[in-house]
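S.K.:
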Amino acid sequence: MRLFTARVENDVLVSDPDHITLDLDPDNEFVWSDVVLKKVQDRFRELIDSHADLEVTEYKLRCIGSDLEGTIRQLLQAGELTYNNDSRVLNYSMGLPRTPELL
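Sequential numbering from 1280 applies to the sequence shown in the working numbering.
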């Protein structure tokens, strides 16, 4: 996951210090259903709204990123989100997959 102080215009990031944009899974590490994707996007919007009156700082971006990572980890542990085994990146960044063999 990557956060940018930019907005998207015609599929191009344009620097904007007052706007935060989320690149959720740039390495295609996970398999996203529409339901799970909406949950993460909704949580991102909640976090952005809760910080709306604050200046965009590196600390603020790190807090938002950490919270979103926690949300993704919870979805993964609950089995709502799965790793993409065909991804070029298999580093299990959110922990080992939960399979019956590993439980």
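Glycine included, every Cβ here is placed at the ideal spot set by N, Cα and C.
1. Tell me the DSSP secondary structure of Arg1341 in three-state form.
2. Taking the alpha-carbon of Val1368 as reference, which of Val1293, Asp1306, Phe1283 has the nearest alpha-carbon?
3. Determine, using beta-carbon pairs with one atom in the segment 1336-1347 and one in the segment 1318-1327, whether at least three such pairs fall under 8 Å.
4. Helix or strand or just coil, what does DSSP make of Thr1284?
5. For Leu1301 versus Trp1311, is the C-beta distance shorter than 9 Å?
6. Please check the pair Asn1363 and Glu1308, which I expect to be a contact at CB under 8 Å, by giving their CB distance rounded to whole angstroms.
7. For Leu1292, which residues from the same chain have a beta carbon less than 8 Å from its beta carbon, with the 5 sequence-adjacent residues on both sides left out?
8. List the DSSP bridge partners of Tyr1362.
9. Among residues of its own chain, excluding the 5 on either side of Leu1333, which ones have a beta-carbon nearer than 8 Å to its beta-carbon?
10. I need the straight-line Cα distance from Ser1294 to Thr1361, nearest angstrom please.
M.R.: Reading it off the structure:
1. In this structure, Arg1341 counts as helix in the three-state DSSP scheme.
2. The residue with the shortest Cα to Cα distance from Val1368 is Asp1306.
3. By the Cβ rule, the segment 1336-1347 counts as touching the segment 1318-1327, because three or more pairs are nearer than 8 Å.
4. Thr1284: coil per DSSP, three-state reduction.
5. Annotated as distal: Leu1301 and Trp1311, with beta-carbon spacing of 9 Å or more.
6. Contact holds; Cβ gap of about 6 Å.
7. Cβ contact annotation for Leu1292 (same chain, cutoff 8 Å, sequence separation greater than five): Phe1283, Ala1285, Arg1286, Thr1300, in chain order.
8. In the DSSP output, where bridge partners are listed per residue, Tyr1362 has Phe1309.
9. For Leu1333, where only same-chain residues beyond five positions count, the Cβ hits under 8 Å are Lys1339.
10. So the alpha carbons of these two residues sit roughly 32 Å apart.
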